[in-house]
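Novice:
Residue numbers (the numbering used here), protein chains in the order written: chain A, -8 to 103; chain B, 12 to 127.
(1) With a CB to CB cut of under 6 Å and the five nearest residues on each side skipped, what residues in its chain are close to residue 11 (chain A)?
(2) Would you call the CB atoms of residue 52 (chain A) and residue 40 (chain A) closer than 8 Å?
(3) For residue 38 (chain B), count the other beta carbons within 10 Å of its own beta carbon; 16 or more makes it buried, fewer makes it exposed. Which is it?
(4) Three or more C-beta pairs under 8 Å: does that hold for the stretch 50 to 68 of chain B against the stretch 80 to 99 of chain A?
(5) How big is the Cα-Cα spacing for residue 77 (chain B) and residue 96 (chain A)?
(6) Relative to the C-alpha of residue 108 (chain B), which residue among B:123, B:22, B:81, B:85 is closest?
(7) Which ranges would you report for the beta strand (DSSP E) in the stretch 11 to 51 of chain A if only whole runs of at least 3 residues count?
(8) Between residue 91 (chain A) and chain B, is there a C-beta pair that is closer than 8 Å?
(9) If residue 22 (chain B) and residue 124 (chain B) are in contact, beta carbons under 8 Å, what's the gap, nearest whole angstrom?
(10) Closest to residue 50 (chain A) by C-alpha separation, out of A:70, A:59, A:33, A:35, would be which residue?
(11) Check the Cβ-Cβ distances between residue 34 (chain A) and every residue of chain B, and say whether any is below 8 Å.
(12) Buried or exposed, going by whether 16 or more other CB atoms sit within 10 Å of the CB of residue 117 (chain B)?
(13) Please compile the residues from chain B whose C-beta is within a distance smaller than 7 Å of the C-beta of residue 25 (chain A).
(14) When you compare only the Cα positions, how much space is there between residue 5 (chain A) and residue 76 (chain A)?
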């Protein structure tokens, strides 16, 4: 059975802290790993990772994929209250049809 | 950037009626569209995958006769919740992809369905 597991499920930090969110996956026909940020409505796209070991950065956020160990991490440095959200990772699989399997998400709360 | 428009953003309907939700890709051709539902404080659960011009592929446990999906063009997919019941109340989100783009998957803003 395809599965994507995120940890921790919930995290509370103070502004300025650095956080690392984890995502492991076991899926067939894996193609890419995607990270999303979800606040009150639909998720917004953060990163797509296809190659192993290549870090992607966007401001204070960065992410990397390890295709050998089947996991990815999302780092957020110097957190701000606006970073409070649910962070979702998803494994994109390409079989006879495309499929995206989401993890449960990590609820990040950044306190002032 | 790529935009996916979903309509309506919220709807209230009575039990037994049907509701149609539209998902449009505004500036790219979406070869594949995904439909998800999300219950409070839970992750997105894939309901079905639709490819333009072919029948949708439904996930296990999703009733295809209840959740009708049509993907008649490269820019429009619709989800119709037929004979809605209160337990169908949920947040429904579509996403669209054209896998030749760098950022392949964008989501609509979702539809909050409440069945009374």
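Beta carbons are placed, not taken as given, at the ideal position from N, Cα and C, and that holds for glycine.
Specialist: Taking the geometry as given:
(1) Within the same chain, and ignoring the five residues on either side of residue 11 (chain A) in sequence, the residues whose Cβ sits closer than 6 Å to its Cβ are 64, 66.
(2) No, these two residues do not count as a Cβ contact at 8 Å.
(3) Label assigned to residue 38 (chain B): exposed.
(4) Here the stretch 50 to 68 of chain B makes contact with the stretch 80 to 99 of chain A; the two share three or more CB pairs at distances below 8 Å.
(5) Distance from the CA atom of residue 77 (chain B) to the CA atom of residue 96 (chain A), rounded to whole angstroms, is 28 Å.
(6) Checking every option, the nearest Cα to that of residue 108 (chain B) belongs to B:85.
(7) Listed in chain order, the beta strand (DSSP E) elements of length 3 or more contained wholly in the stretch 11 to 51 of chain A are 21 to 29, 35 to 40, 47 to 49.
(8) Residue 91 (chain A) counts as touching chain B.
(9) Their Cβ separation, rounded to whole angstroms, is 6 Å, which keeps residue 22 (chain B) and residue 124 (chain B) in contact under 8 Å.
(10) Proximity to residue 50 (chain A) across A:70, A:59, A:33, A:35 peaks at A:70, based on C-alpha coordinates.
(11) The C-beta of residue 34 (chain A) comes closer than 8 Å to at least one C-beta of chain B.
(12) Burial call: buried.
(13) Around residue 25 (chain A), the beta-carbon contacts reaching into chain B at under 7 Å are 116.
(14) Distance between residue 5 (chain A) and residue 76 (chain A), taken at the CA atoms: about 14 Å.
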